[in-house]
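Numbering (the working numbering), first residue to last: 2 to 397. Beta carbons: idealized from backbone N, C-alpha and C, even for Gly.
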Amino acid sequence: MIVQPKVKGFLCVTAHPAGCAANVDEQILRVEKSGAISGGCKSALIIGASTGYGLASRICAAFGCGASTVGVFFERGADAERGRPASAGWYNTAEFTKRAREKNLYVANINGDAFSDEIKAKAIEAIKKSPLGKVDLIVYSLASPRRTDPKTGAVYKSVLKTVGEEFLSKSLDTDRGEVCQAKIPAANEQEVFETVKTMGGDDWELWVNALDEAGAIAEGCVSLAYSYIGPSLTYPIYREGTIGMAKKDLEKAAERIDAALKIHRGKAFVSVNKAIVTQASSAIPVVPLYLSILYAVMKKNGTHEDALDQIYRLFSQQLYNGNCLDFDDDGRVRIDNLELSEDVQNEIMKIWPTVTSQNLTTVTDFDSYKKEFLKLFGFGMDGVDYDADVDICAEI
Ligand code: NAD
Numbered sequence: 002m003i004v005q006p007k008v009k010g011f012l013c014v015t016a017h018p019a020g021c022a023a024n025v026d027e028q029i030l031r032v033e034k035s036g037a038i039s040g041g042c043k044s045a046l047i048i049g050a051s052t053g054y055g056l057a058s059r060i061c062a063a064f065g066c067g068a069s070t071v072g073v074f075f076e077r078g079a080d081a082e083r084g085r086p087a088s089a090g091w092y093n094t095a096e097f098t099k100r101a102r103e104k105n106l107y108v109a110n111i112n113g114d115a116f117s118d119e120i121k122a123k124a125i126e127a128i129k130k131s132p133l134g135k136v137d138l139i140v141y142s143l144a145s146p147r148r149t150d151p152k153t154g155a156v157y158k159s160v161l162k163t164v165g166e167e168f169l170s171k172s173l174d175t176d177r178g179e180v181c182q183a184k185i186p187a188a189n190e191q192e193v194f195e196t197v198k199t200m201g202g203d204d205w206e207l208w209v210n211a212l213d214e215a216g217a218i219a220e221g222c223v224s225l226a227y228s229y230i231g232p233s234l235t236y237p238i239y240r241e242g243t244i245g246m247a248k249k250d251l252e253k254a255a256e257r258i259d260a261a262l263k264i265h266r267g268k269a270f271v272s273v274n275k276a277i278v279t280q281a282s283s284a285i286p287v288v289p290l291y292l293s294i295l296y297a298v299m300k301k302n303g304t305h306e307d308a309l310d311q312i313y314r315l316f317s318q319q320l321y322n323g324n325c326l327d328f329d330d331d332g333r334v335r336i337d338n339l340e341l342s343e344d345v346q347n348e349i350m351k352i353w354p355t356v357t358s359q360n361l362t363t364v365t366d367f368d369s370y371k372k373e374f375l376k377l378f379g380f381g382m383d384g385v386d387y388d389a390d391v392d393i394c395a396e397i
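Here is the structure:
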């Protein structure tokens, strides 16, 4: 069938199989061109492996380090009868799997709810079958709106709200391409609690404990989870909002997991990454406008990075290649340093108050934002014939 983008707010409900494959191929090529990473992981578990930062981590582990990978994700296959394409993460995984197997790398894909005991058990089974039988890298890269507690069955929902006062801010209606005013309400205590339960460190710790109990942790195993801090401009909605409370909980979990991994001469930490366009970030109010300005500024000064650039830098300049991790005062690794540099933030603060619907495409890089967004779903890739009939079914 011919697959066209169908964008609904911050979602695109279709994905292009050949476009997603081309997107993954392009990332693999960049890693291969950047060179092999020495002393890297041999066997990685990536939780949230199908899109965004998790996919970039999986590509760096496999094609940079030559590692086996077990990927966990929640994706939808195609429904050929109804003519519904699979989700982008499904197609990304299909291409990743094909390419990694061509290199004789062990690949296992576990599609289902990472918060459940069942999926943890399936992942451990797949790790046991891998050449090493254990993992020496565990990446926790989930972005989920809800979580079912595996012990109690309670369902927690995460919300993107402020904590304390409601927040009024300039924002962007990405469908209309118009600057608007967003009113972000304050969360109540229960909403804060549920967001922390969903996006905090609880589940990361359960994963590491389950792997440890199963004897699936290799000597020197590193576990990392991704976080965001951002500039003061987005503090009310991010760092000091409900999601920020969850990220602080993640940092506390890192300390406990670090202590648990010490027994295996390993370590755990939180890596604070830069803002990029992903399915998760496009859902956060205010962030698309901030990203459009950030892209304009960082592209102009030559410091722009996407998920792959960020993770390749983390792996090659900090984690492996004989390098040391560079921790901040709170024990976090900061690969958001270029985003938060004074010159970038000063420039953003100059542009922010001047943006209007009329000058949106000249003072910001909204065009890049839109292109990056569509690329997440495999649209707008060079060399892909979008008028051609494609098979929407793909094996993972
Ligand atoms: P994303 O939406 O691209 O990826 C989310 C991944 O989680 C996908 O692989 C998805 O399949 C998986 N997933 C979601 N719910 C699941 C479930 N219940 N079970 C199994 N898998 C599930 O998100 P992203 O932006 O790459 O975010 C990943 C992490 O990076 C998050 O912790 C996020 O806070 C962090 N981060 C993101 C940014 C950013 O700007 N996007 C910046 C810094 C840090």
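Closer than 7 Å: residue i CB and nearest the ligand NAD heavy atom
i: Y227; result: yes
i: Y54; result: yes
i: G49; result: yes
i: E76; result: yes
i: F116; result: yes
i: G90; result: yes
i: V73; result: yes
i: L143; result: yes
i: S282; result: yes
i: I277; result: yes
i: N274; result: yes
For residue i, the first and last residue of its enclosing alpha helix (DSSP H)
i: F75; result: It is not in any alpha helix (DSSP H) - F75 carries neither H nor E in the DSSP assignment.
i: K1; result: In this structure the chain extends from 2 to 397, so residue 1 is not present and cannot be described.
i: R314; result: A308 to L315
i: V298; result: V288 to K301
i: M246; result: T243 to K263
i: V32; result: P18 to S35
Opening and closing residue of the beta strand (DSSP E) in which residue i lies
i: V223; result: I218 to S228
i: N347; result: It is not in any beta strand (DSSP E) - N347 instead sits in the alpha helix (DSSP H) that spans E343 to I352.
i: F168; result: F168 to D174
i: A183; result: E179 to I185
i: T149; result: R147 to T149
Residues bridged to residue i [DSSP beta-bridge criterion]
i: C13; result: V8
i: F270; result: L225
i: V71; result: L46 and A109
i: Y141; result: I48 and A226
i: G80; result: It is worth fixing the name first, because residue 80 is Asp in this sequence and not Gly. R85.
i: R398; result: Residue 398 is absent from the structure shown; the chain starts at 2 and stops at 397.
i: T163; result: A187 and G242
Sequence-distant residues of the same chain with beta carbon closer than 6 Å to residue i, five excluded per side
i: D174; result: C181
i: A37; result: none
i: S317; result: I38
i: V273; result: S228, I230, R333, R335 and D337
i: V71; result: L46, A109, A124, A127 and I128
Cutoff 7 Å; reference residue i; Cβ partners in own chain excluding five residues on either side
i: D329; result: R335
i: D390; result: M2 and I3
i: E192; result: V160, K162 and T243
i: Y296; result: H305, D366, S369 and Y370
Any chance the stretch 235-253 sits against the stretch 283-303, with 3 or more Cβ pairs inside 8 Å?
Flag = yes, the stretch 235-253 and the stretch 283-303 touch.
Report yes or no: do the stretch 92-109 and the stretch 55-67 share at least 3 C-beta pairs separated by less than 8 Å?
When C-beta atoms of the stretch 92-109 are compared with those of the stretch 55-67, three or more pairs fall below 8 Å, so the two segments count as touching.
With three or more C-beta pairs closer than 8 Å as the rule, is the stretch 49-56 touching the stretch 67-83?
Yes, the stretch 67-83 is in contact with the stretch 49-56.
For the stretch 215-224 against the stretch 258-276, do three or more pairs of beta-carbon atoms, one drawn from each stretch, fall closer than 8 Å, so that the two count as touching?
The answer is yes - the stretch 258-276 touches the stretch 215-224, with three or more Cβ pairs under 8 Å.
Report yes or no: do the stretch 253-261 and the stretch 304-315 share at least 3 C-beta pairs separated by less than 8 Å?
The stretch 253-261 makes no contact with the stretch 304-315: fewer than 3 CB pairs, one atom from each, lie closer than 8 Å.
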